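In what follows, a structure is listed as structure tokens, so that the remarks can point back to it.
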Amino acid sequence: MPRLIYIFVLIIGLSLRAYGQDIDLQKAGLLSQTRPDSALLLLRKLYIKAQEKANKPLEGQCLQQMGTICYNQGHYSQALDFYLHADKVFTQAGKPLFVAANMGNIGILYYYNKQLDRARSFYNKALSIYRQYHDVKGEAKISGNIGHLYEKQHRYDSAFYYQRKALEGYQRANYKQGAAKIYENLGSIYEDLARYDSAYVNFNRSLQLYREQNDQTGSIEVINNLGDILRKTGKYKESIVQSRRALQLATSLGNVYQQASSAKDLGKAFELMGQMDSAYHYAELSRKYSLDVYSKDGVKQTAFLQVLYDFNKKSDEIDRLNNIRKVNRITAIAVAIVAVLVVILLMVLFSRQRLKLRDQQTIARQNAAEHEVIRLELKNQHLEEAALKQQLELRSKELSNHTLSLIKNNQFLEQLRASLQAMVKDERRDQKKQMQQLITQINENFSHEQHWHEFTLAFEQVHQQFFESLRNRGLELTPADMRLIALIKMNLESADIATLLGISTDSLRVSRYRLRKKLNISQGDNLSLFVQTL
Numbered sequence: 002m003p004r005l006i007y008i009f010v011l012i013i014g015l016s017l018r019a020y021g022q023d024i025d026l027q028k029a030g031l032l033s034q035t036r037p038d039s040a041l042l043l044l045r046k047l048y049i050k051a052q053e054k055a056n057k058p059l060e061g062q063c064l065q066q067m068g069t070i071c072y073n074q075g076h077y078s079q080a081l082d083f084y085l086h087a088d089k090v091f092t093q094a095g096k097p098l099f100v101a102a103n104m105g106n107i108g109i110l111y112y113y114n115k116q117l118d119r120a121r122s123f124y125n126k127a128l129s130i131y132r133q134y135h136d137v138k139g140e141a142k143i144s145g146n147i148g149h150l151y152e153k154q155h156r157y158d159s160a161f162y163y164q165r166k167a168l169e170g171y172q173r174a175n176y177k178q179g180a181a182k183i184y185e186n187l188g189s190i191y192e193d194l195a196r197y198d199s200a201y202v203n204f205n206r207s208l209q210l211y212r213e214q215n216d217q218t219g220s221i222e223v224i225n226n227l228g229d230i231l232r233k234t235g236k237y238k239e240s241i242v243q244s245r246r247a248l249q250l251a252t253s254l255g256n257v258y259q260q261a262s263s264a265k266d267l268g269k270a271f272e273l274m275g276q277m278d279s280a281y282h283y284a285e286l287s288r289k290y291s292l293d294v295y296s297k298d299g300v301k302q303t304a305f306l307q308v309l310y311d312f313n314k315k316s317d318e319i320d321r322l323n324n325i326r327k328v329n330r331i332t333a334i335a336v337a338i339v340a341v342l343v344v345i346l347l348m349v350l351f352s353r354q355r356l357k358l359r360d361q362q363t364i365a366r367q368n369a370a371e372h373e374v375i376r377l378e379l380k381n382q383h384l385e386e387a388a389l390k391q392q393l394e395l396r397s398k399e400l401s402n403h404t405l406s407l408i409k410n411n412q413f414l415e416q417l418r419a420s421l422q423a424m425v426k427d428e429r430r431d432q433k434k435q436m437q438q439l440i441t442q443i444n445e446n447f448s449h450e451q452h453w454h455e456f457t458l459a460f461e462q463v464h465q466q467f468f469e470s471l472r473n474r475g476l477e478l479t480p481a482d483m484r485l486i487a488l489i490k491m492n493l494e495s496a497d498i499a500t501l502l503g504i505s506t507d508s509l510r511v512s513r514y515r516l517r518k519k520l521n522i523s524q525g526d527n528l529s530l531f532v533q534t535l
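Structure, rendered in structure tokens:
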């Protein structure tokens, strides 16, 4: 609950502050009509506060009103500076409608300086913004200004078009003050065209709306215009009535300028009626009021120029101090940035050094780990080589044992065969047949493939890929040739080879000769040495 009260009080405070700022702006606007110097001082104070609080919209509004005051006092160059500065501030604040209103003021300034093309350019920009944001009242105001522009160029059709468009917009927005001004503008156009009836109707409508809004200053101008129309149409008495009403209203308001204008119109009416005494009286009264206007304007201009001079002088001083402050701020920021960069650089260097040490330690650990892995791999390799060597030796022993077994078996079979053959020669015929069968079985046993298959497996375990290498040479070798080469590779004696093959040493010599031819071994080269190199 206290938090809600705090928020409520804060909202009220902000609303009152904003309301107070609006009151100050309105007060400055009213004061600018009679005391432009005081209005400028008040706006200057508001402008400084707005700068201190970074209130960009209020800052821009102060600049805009100061521009309008300078414009009304005839200081167009200073007014343009204020307007352009306000445009920049409004743009930074993101206030497009404020930008449009300010552009409208710049257009009016160029219009009264007879730079009509530049005026129309700013009017078009303002009109585009108002249309984009559907601001009917703003669009109507700019349309009225464009109508004035065409009236100045005597392009009355275009002037009527834009004034009526402005009137339609004000009526849609129910803005009677603006509609009254447009009726007054239309009356002026009709008056220029000498269409006095239409002019009178429009001035009369304008007067009604001004009275509804209790706008007495606007009413004075329109009443004077009505007097002009009546005088131009020969209705002098009615003209005098209207001009006297304008004079009385201007006197009650203390508007000396309108007093001079009304007295001048009365002098013209009496002159046309031939009442020269009255004409002279009001002409002199007009001259007196005009002198008062010039006198008061002179005093106001002097005071205003002094305020403007002080304002510019103080503004220059403020700008100088702001520049010094900005330079000091930039210097402080630069020093801070340099300090931060130095700290960051030191941190980076320290961090890089730490990373470098960490990387070196990591690399050292990796190298140690790699050395250890290599050492273990070498150890495993040595162990594997030892195991392979041991396994090879074992297989070589097995092959030798197997070969010896074959040799002994074949030798036994050879002896048995020889004995049986001798018995065959001596024994009787019936026994011969049985013995011959035994010899045949022994012969078959000599060339039993199962023994050679087992021998080949044992041989290839010791001499890996030996037979495959021989086949890849493209030689036309028979299984008997392959067996002979394997036995030669084992470095066996010729007698043992003959026994294993179950042939005589003479047959072995023939087989070796044939093998030499197949292997393309030159005459004089040793077959055993050649086979050992395979």
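According to our numbering, the sequence shown is numbered sequentially starting from 2. For each residue, glycine too, the CB sits at the ideal point set by N, CA and C. Only a predicted model underlies this, so the values are computations on that prediction, with no experimental measurement involved.
CB contact flag (residue i, residue j, <9 angstroms)
| i | j | result |
| --- | --- | --- |
| residue 68 | residue 80 | yes |
| residue 148 | residue 185 | no |
| residue 137 | residue 188 | no |
| residue 201 | residue 230 | yes |
| residue 190 | residue 164 | yes |
| residue 199 | residue 166 | no |
| residue 192 | residue 233 | yes |
| residue 224 | residue 244 | yes |
| residue 251 | residue 216 | no |
| residue 56 | residue 109 | no |
| residue 488 | residue 498 | yes |
| residue 103 | residue 84 | yes |
| residue 541 | residue 221 | Lying outside 2 to 535, the shown extent of the chain, residue 541 is not represented and no answer is given. |
| residue 96 | residue 58 | yes |
| residue 106 | residue 74 | no |
| residue 471 | residue 528 | no |
| residue 260 | residue 281 | no |
Exposure label - residue i; buried when at least 16 CB within 10 Å
| i | result |
| --- | --- |
| residue 151 | buried |
| residue 351 | exposed |
| residue 507 | exposed |
| residue 437 | exposed |
| residue 88 | buried |
| residue 78 | exposed |
| residue 140 | buried |
| residue 491 | buried |
| residue 60 | buried |
| residue 524 | exposed |
| residue 420 | exposed |
Simplified DSSP state of residue i, which is helix, strand or coil
| i | result |
| --- | --- |
| residue 534 | helix |
| residue 194 | coil |
| residue 156 | coil |
| residue 149 | helix |
| residue 326 | helix |
| residue 477 | coil |
| residue 504 | coil |
| residue 422 | helix |
| residue 179 | helix |
| residue 454 | helix |
| residue 522 | coil |
| residue 216 | coil |
| residue 464 | coil |
| residue 383 | helix |
| residue 79 | helix |
| residue 516 | helix |
| residue 494 | coil |
| residue 51 | helix |
| residue 69 | helix |
| residue 499 | helix |
| residue 282 | helix |
| residue 89 | helix |
| residue 203 | helix |
| residue 139 | helix |
| residue 236 | coil |
| residue 95 | coil |
| residue 529 | helix |
| residue 56 | coil |
Assumed close pair residue i, residue j - CB separation to whole angstroms, cut-off 8 angstroms
| i | j | result |
| --- | --- | --- |
| residue 111 | residue 123 | 7 angstroms |
| residue 519 | residue 458 | Incorrect: roughly 24 angstroms between the Cβ atoms, too far for contact. |
| residue 43 | residue 54 | Not confirmed; about 17 angstroms, so no contact. |
| residue 241 | residue 195 | 22 angstroms between Cβ atoms; not a contact. |
| residue 117 | residue 62 | With a Cβ gap of about 28 angstroms, residue 117 and residue 62 do not count as contacting. |
heavy atom of the ligand SAH below 8 angstroms from residue i C-beta
| i | result |
| --- | --- |
| residue 232 | The ligand SAH is absent from the structure shown, which contains no ligand whatsoever. |
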